[in-house]
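Okay, so here's the structure we're looking at.
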Amino acid sequence: MVAGADLRPRHFGWHIDGLVATITLDRPERKNPLTFDSYAELTETFRALTSMTDVRAVVITGAGGNFCSGGDVHEIIGPLVAMRDAGDTEGLVRFTRMTGDLVKAMRACPQPIVAAIDGICAGAGAILAMASDLRVGTARSKVGFLFVRVGLSGADMGACAILPRIIGQGRASDLLFTGRFIDGTEAERWGFYNRLVGEDVLLTEATSLARGLAQGPSFAHAVTKRSLQAEWHMSVDEAISAEAEAQALCMQTEDFARAYRAFVAKRSPEFEGN
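Start counting the sequence shown at 723; every next residue gets the next number (the working numbering).
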């Protein structure tokens with residue numbers, strides 16, 4: 723088992739306060755772009771979270787007033803064009819599979835992920851926000867799925883599957899075909915943001931949300947997250963049957979009994995995650 727405090731990532735900030743881990747994309751001079759190394763290390767981190775019982779919720783944010791500007795033009799886009807020029811199709815596929823692995827790891831980690839979004843949230847940065855479970859943004863933030871602007875499709879890192887489920891097929895089509903930015907007000911109206919807050923309290927509000935989730939029944943939260951994803955592929959009848967099994971499993975936890983005892987005693991339950 724890996725303890726959150728044991729992680730020492732080199733390509734982004736990692737901080738634990740209580741039961742909440744905060745990931746900070748920290749290249750503010752370039753609006754926090756991703757590199758080959760940060761992609762890989764983020765994937766490893768979210769995979770490691772699967773066995774971190776000392777972390778019950780995660781916040782992902784960016785330094786310097788921006789979330790993430792996407793893949794670094796010089797450190798990623800340039801090498802990819804060189805691969806293209808060399809006819810290295812296998813190298814291009816390795817890269818696209820690696821980026822998709824990050825989204826898979828985010829969706830598979832049991833902890834709820836809260837994205838705190840200010841400033842630019844573009845390209846792969848918008849994907850990171852999309853792959854999170856909840857999104858808190860600011861009015862001045864700008865979200866854009868920019869792949870079409872560099873001659874690529876909107877079919878990147880699961881965007882064509884996940885984004886329509888958040889904001890609807892028509893709105894997702896708008897963003898993925900045009901590559902246009904939407905500001906925070908439109909992002910909240912469309913349902914991409916769960917809430918809109920001032921930039922001066924963004925991280926505080928996102929962390930407060932994550933802390934509230936962390937104090938809840940973490941086993942049950944993991945079941946909710948897993949079910950939200952698994953049931954995309956099910957009929958309603960299949961989903962009802964799957965949820966019956968999942969809920970019966972949750973009823974076997976100590977947290978379920980703790981909640982009942984707390985209710986009888988007229989006090990708030992203290993969940994321990996088992």
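Beta carbons are placed, not taken as given, at the ideal position from N, Cα and C, and that holds for glycine.
A894 to I904 span [Cα, whole Å]: Working through the sequence shown from its first residue, we reach residue 894 at position 172. Working through the sequence shown from its first residue, we reach residue 904 at position 182. Going from the Cα of A894 to the Cα of I904 covers about 12 Å.
Assumed close pair T860, V919 - CB separation to whole angstroms, cut-off 8 Å: For the purposes of this step, residue 860 is identified with residue 138 of the sequence shown, where counting begins at 1. For the purposes of this step, residue 919 is identified with residue 197 of the sequence shown, where counting begins at 1. Indeed, because the Cβ distance is near 7 Å, the residues count as touching under 8 Å.
Counterpart residues of K864 in DSSP-defined beta bridges: Numbered from its first residue, the sequence shown carries residue 864 at position 142. Answer by DSSP bridge pairing, in chain order: I842 and D905.
Buried or exposed by the 16-neighbour rule on C-beta atoms within 10 Å, applied to E751: Counting from 1 along the sequence shown, the entry for residue 751 is found at position 29. Classification of E751: exposed, given that the 10 Å Cβ count is below 16.
7 Å Cβ cutoff met for F734 and D748: Here residue 734 is taken as the residue at index 12 of the sequence shown, counted from 1. Here residue 748 is taken as the residue at index 26 of the sequence shown, counted from 1. It is a contact, given that the beta carbons lie within the stated cut-off.
Inter-residue spacing [alpha-carbon to alpha-carbon] between G793 and G847: Position 71 of the sequence shown, counting from 1, holds the residue named residue 793. Position 125 of the sequence shown, counting from 1, holds the residue named residue 847. For G793 and G847, the distance between alpha carbons rounds to 8 Å.
7 Å Cβ cutoff, H733 in contact with chain B: Chain labels in this structure do not include chain B; a single protein chain is all it has.
Coarse secondary structure for H737, derived from DSSP in three states: Against the sequence shown, residue 737 aligns to sequence position 15. In the structure shown, H737 sits in a strand (DSSP, three-state: E or B).
Coil, strand or helix - G784 by DSSP: Position 62 of the sequence shown, counted from the start, is the residue given in the question as residue 784. It is a strand residue.
Segment contact flag, the region 778-788 with the region 870-879, C-beta cutoff 8 Å, min 3 pairs: no
Cα-Cα separation, V958 to Q969: In the sequence shown, residue 958 corresponds to position 236, counting from 1. In the sequence shown, residue 969 corresponds to position 247, counting from 1. Taking the straight line joining both Cα atoms gives about 16 Å.
Three or more C-beta pairs below 8 Å linking the region 840-859 and the region 785-792: yes
Cβ-based neighbour list, F993, same chain, cut-off 8 Å, excluding 5 preceding and 5 following: Working through the sequence shown from its first residue, we reach residue 993 at position 271. Within the same chain, F993 has close Cβ partners Q937, G938, P939, S940, D977, R980 and A981.
8 Å contact criterion, which M828 and A762 should meet: CB distance rounded: Here residue 828 corresponds to residue number 106 of the sequence shown, with the count starting at 1. Here residue 762 corresponds to residue number 40 of the sequence shown, with the count starting at 1. Not really, about 14 Å apart at Cβ, beyond 8 Å.
Contained beta strand (DSSP E) runs [length at least 3] in the region 927-985, N- to C-terminal order: none
Range of the contiguous alpha helix (DSSP H) that encloses I888: Within the sequence shown, the letter at position 166 stands for residue 888. First-last of the alpha helix (DSSP H) with I888: A881 to I889.
V825 beta carbon less than 7 Å from that of L856: In the sequence shown, counting from the first residue as 1, residue 856 sits at position 134. In the sequence shown, counting from the first residue as 1, residue 825 sits at position 103. No, these two residues do not count as a Cβ contact at 7 Å.
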